[in-house]
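Participant:
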Ligand SMILES: Cc1cc2nc3c(=O)[nH]c(=O)nc-3n(C[C@H](O)[C@H](O)[C@H](O)COP(=O)(O)OP(=O)(O)OC[C@H]3O[C@@H](n4cnc5c(N)ncnc54)[C@H](O)[C@@H]3O)c2cc1C
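Numbering (the working numbering), first residue to last: 71 to 492.
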């Protein structure tokens, strides 16, 4: 996998690098840091948390920034489907936090946050210690809602990268030719709208080459393909015609994890390999606290001018856990992190957050070993509703996957990985 290092990380330029749209270049210039000794603590070192830590220190070196993350290595879910058809190795999509510490001066604590005491402004760690904050950023990603009978040690979701994806790959390798790969997709919103369809295609790519007679059966809880519809419809019907079987409006009722059976509203599906992607909610640290105030109880409502919680002052939620309606994706988590970092620096300097933040989402979806689709959209803050709205005409997606997009995918991901972790 080729990577491209992004060294161009001033406030003005980051959105150009990642979003490539001139509308985003209106972001404000660097503020002078007047925030020495203020403590910003960040929970979670994924695309949201790691980016926030880096840019807080980059833009305001005197700040005391602490990132709390239990894992030494972040295993990216982005590009992880390419492990299935052997196009990347786990090593190529794993990142450590050394540069955030050595180059930017971010304090790294390897631990799990088990509680937030917002009155005392401190977080409680599994090790028993506490860490005090002036502002707290929470970016814990997602957790899964339970499903009757589902044991994810046997039936992988493979939706957080790393070991779960390796388990899926091992099960596929061990599957007898002629048996079927059955996958379930939860109702939106879920992490990475095109991700499940991308997985169906890459597993089909793998089966076609390695398991003659096997099929991919997609059981989607949604009424239709939720992202990059034209390109995936073409992939399902033409590229993988006869290999992928797609069913919409299917609700998963329970799972027999030992026999690998999905029990659904349209019948039982016996699988050679069963991949259940459960319905999702914000990370547990959010749903177990007063922060999950979205009407569904699954996400955290924030004012996207600063990503400050609308339930608890001084706590900011970014990435998949926020409930603004922006997609749950890593590229936009990186953009939200920068808006949030900028707002926190301003607030700690006695100023107001920038009034018109914009963000950008981009997904590249590999469809085979040499072709990919993509989708992008730009969001603008609307003060009247305190919400992020898609900018009319800013969205785009191709009709079919292409080889060119496959090459661009590695440049895009290389930029995103470098901008987040180095
Ligand atoms: C197959 C697939 C393909 C994808 N492709 C794309 C794509 O093309 N483009 C795109 O933009 N996005 C893509 N995504 C989505 C992207 O991976 C997520 O949206 C992104 O990782 C969200 O970032 P986050 O910071 O919110 O959470 P995460 O990246 O999940 O990071 C959360 C971190 O918080 C830590 N954590 C959680 N709770 C605690 C706690 N209590 N204490 C301490 N640490 C904690 C976790 O260990 C984790 O490291 C894809 C996802 C999948 C599954």
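All C-beta atoms in this analysis are idealised placements derived from N, C-alpha and C, irrespective of residue type, glycine included. Small disclaimer: the values here were computed from a predicted structure and weren't measured.
(1) Can you name, in chain order, every residue of its own chain whose Cβ lies under 6 Å from the Cβ of residue 178, other than the five neighbours on each side?
(2) I'd like the list of long-range same chain contacts for residue 153, defined as Cβ closer than 6 Å, with 5 residues on each side in sequence excluded.
(3) Could you check the C-alpha separation between residue 291 and residue 419 for me, to the nearest Å?
(4) Going by the CB atoms, is the gap between residue 388 and residue 429 shorter than 8 Å?
(5) Helix, strand or coil, according to DSSP, for residue 444 in the structure here?
(6) What would DSSP say about residue 396, mapped onto helix, strand or coil?
(7) Tell me whether residue 459 sits in a helix, a strand or coil according to DSSP, three-state version.
(8) What residues in its chain sit with their C-beta under 6 Å from that of residue 319, if we drop five residues either side in the sequence?
(9) What I want to know is whether the C-beta of residue 139 ends up closer than 7 Å to one or more non-hydrogen atoms of ligand 1.
(10) Can you check which of these residues, 161, 112, 261, 341, is closest to residue 195 by C-alpha distance?
(11) Would you check if the distance between the CB atom of residue 372 and the CB atom of residue 357 is smaller than 8 Å?
(12) Assess, as a yes-or-no matter, whether the region 306-314 is touched by the region 260-276 under the definition of 3 or more beta carbon pairs within less than 8 Å.
(13) When DSSP labels each residue in this structure, what does residue 266 get in the three-state scheme?
(14) Which ranges would you report for the alpha helix (DSSP H) in the region 283-340 if only whole runs of at least 4 residues count?
(15) Span of the beta strand (DSSP E) holding residue 349?
(16) Express the C-alpha separation of residue 121 and residue 405 in angstroms, rounding to a whole number.
(17) Just mark residue 246 as buried or exposed, buried being the case when its beta carbon has 16 or more other beta carbons within 10 Å.
(18) Does residue 136 come out as helix, strand or coil in the three-state DSSP assignment?
(19) Just tell me which of 145, 255, 414, 149 has its CA closest to the CA of residue 444.
(20) Whole angstroms are fine: how far does the CA of residue 416 sit from the CA of residue 392?
(21) Under 7 Å: does the beta carbon of residue 390 sit that close to some heavy atom of ligand 3?
(22) For the putative contact between residue 413 and residue 376, defined by C-beta atoms under 8 Å, what is the C-beta separation to the nearest angstrom?
(23) How many angstroms separate the CA atom of residue 93 from the CA atom of residue 365?
(24) Tell me the DSSP bridge mates of residue 378?
(25) Identify which residue in 140, 141, 142, 109 has its Cα closest to the Cα of residue 126.
(26) Can you give me the Cβ contacts of residue 169 inside the same chain, cut-off strictly under 6 Å, excluding the 5 residues immediately before and after it?
(27) How close, in whole Å, do the beta carbons of residue 220 and residue 346 come, if the pair is a contact with beta carbons under 8 Å?
(28) Can you give the Cα-Cα distance for residue 341 and residue 399, rounded to whole angstroms?
(29) Here's a check: name, in chain order, each residue in its chain whose Cβ is nearer than 7 Å to the Cβ of residue 142, leaving out the five neighbours to either side.
Facilitator: Looking at the coordinates:
(1) 137, 167, 171
(2) 235, 239
(3) 47 Å
(4) no
(5) Residue 444 falls in the strand class under three-state DSSP.
(6) For residue 396, the secondary structure class from DSSP, reduced to helix, strand or coil, is coil.
(7) strand
(8) Setting aside the 5 residues that flank it on each side, residue 319 is surrounded in the same chain by 293, each with a C-beta closer than 6 Å to its C-beta; the list follows chain order.
(9) yes
(10) 112
(11) no
(12) yes
(13) helix
(14) 299-304
(15) Premise fails: residue 349 is in no beta strand (DSSP E) and is neither H nor E.
(16) 8 Å
(17) exposed
(18) strand
(19) 149
(20) 21 Å
(21) This structure simply doesn't include ligand 3; it includes ligand 1 instead.
(22) 3 Å
(23) Only weak support is given to the placement of residue 93: the predicted model assigns it a pLDDT of 31, under 50, and the value that follows is read from those uncertain coordinates. The alpha-carbon atoms of residue 93 and residue 365 are separated by roughly 32 Å.
(24) 373, 386
(25) 109
(26) 492
(27) 6 Å
(28) So the two alpha carbons sit approximately 29 Å from each other.
(29) Excluding residues up to 5 positions away in sequence, 166, 180 lie with their Cβ nearer than 7 Å to the Cβ of residue 142 in the same chain.
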